[in-house]
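Asker: For reference, the structure I am asking about is given below.
In the working numbering, the protein residues as written are 45 to 253.
Laid out in structure tokens, this is it:
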């Protein structure tokens, strides 16, 4: 939170030294406070108001309790998330279909919800798997799956809570990136999740559009 004195405030995610890029992450033209999410891990936050900017602190680190949970889940995969399709992806006036996302050591699987969990698709992390949080929503995200034959390579999905969405992104990094979790548990600043989980140029252009 910043003391804006009624002036317009915008928030920026500043990438690690050497990258020299920024992303405007404000959800509105006037936001005196900003809720940190897992997408901010590895970045610093800067508030801009009336032509002045102020960095809010050190690089954002992962939630410690989530890391402890991840340590257990990575030792006993899969890590399972109950999700549903976003309203944008579902038919108008109807709730999104339920689905289950399972994270393994080398790949993820998306299954139908309900009693009969038929596998919809699976994708190796090495083939390109990314998560980008949707603007203006605490639970919606876009799952990108690289090149998929005869299937959409982007899915709009929702978690039940913002905490679950944060855990999903951290889990994807822990399962797909060697030594990521070990470094995070030691308290070392991890690589920027925004860089790891999306093509930065494309994501940056999307944030500015």
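Idealized CB from N, CA, C, for every residue including glycine.
At the level of alpha carbons, what is the spacing between residue 55 and residue 182?
Answerer: Annotation: residue 55 to residue 182 spans about 17 Å, alpha carbon to alpha carbon.
Asker: For the segment 202 to 217 against the segment 153 to 162, do three or more pairs of beta-carbon atoms, one drawn from each stretch, fall closer than 8 Å, so that the two count as touching?
Answerer: The segment 202 to 217 is not in contact with the segment 153 to 162.
Asker: Roughly how many whole angstroms lie between the Cα atoms of residue 171 and residue 101?
Answerer: Roughly 35 Å between the two C-alpha positions.
Asker: Quick one: any contact between the segment 120 to 132 and the segment 196 to 204, if contact means 3 or more CB pairs under 8 Å?
Answerer: yes
Asker: Just reading off the alpha helix (DSSP H) that residue 209 is part of, what are its end residues?
Answerer: DSSP places residue 209 inside the alpha helix (DSSP H), whose first and last residues are 206 to 220.
Asker: Considering residue 91, what are the terminal residues of the alpha helix (DSSP H) in which it resides?
Answerer: Note, residue 91: premise wrong, no alpha helix (DSSP H); beta strand (DSSP E) at 88 to 93.
Asker: State the CB to CB distance for the pair residue 293 and residue 117, rounded to an integer number of angstroms; the pair is presumed to be in contact (CB under 8 Å).
Answerer: The structure shown does not extend to residue 293, since the chain is modelled only from 45 through 253, so no value can be given for it.
Asker: Based on the DSSP output, what are the partners of residue 184 in its beta bridges?
Answerer: According to DSSP, which records beta bridges pairwise, residue 184 is partnered with 202.
Asker: Tell me whether residue 138 sits in a helix, a strand or coil according to DSSP, three-state version.
Answerer: Its pLDDT being 44, under 50, residue 138 is placed unreliably by the model, and the measurement read from it follows with that caveat. It is coil, neither helix nor strand.
Asker: Within 10 angstroms of the Cβ of residue 237, are there 16 or more other Cβ atoms? Answer buried if so, exposed if not.
Answerer: buried
Asker: Considering only C-alpha positions, which residue in the set 58, 149 and 59 is nearest to residue 121?
Answerer: 149
Asker: Name the residue from 77, 213 and 58 whose alpha carbon lies nearest to the alpha carbon of residue 52.
Answerer: 77
Asker: Where do the N-terminal and C-terminal ends of the alpha helix (DSSP H) with residue 228 fall, by residue?
Answerer: 224 to 229
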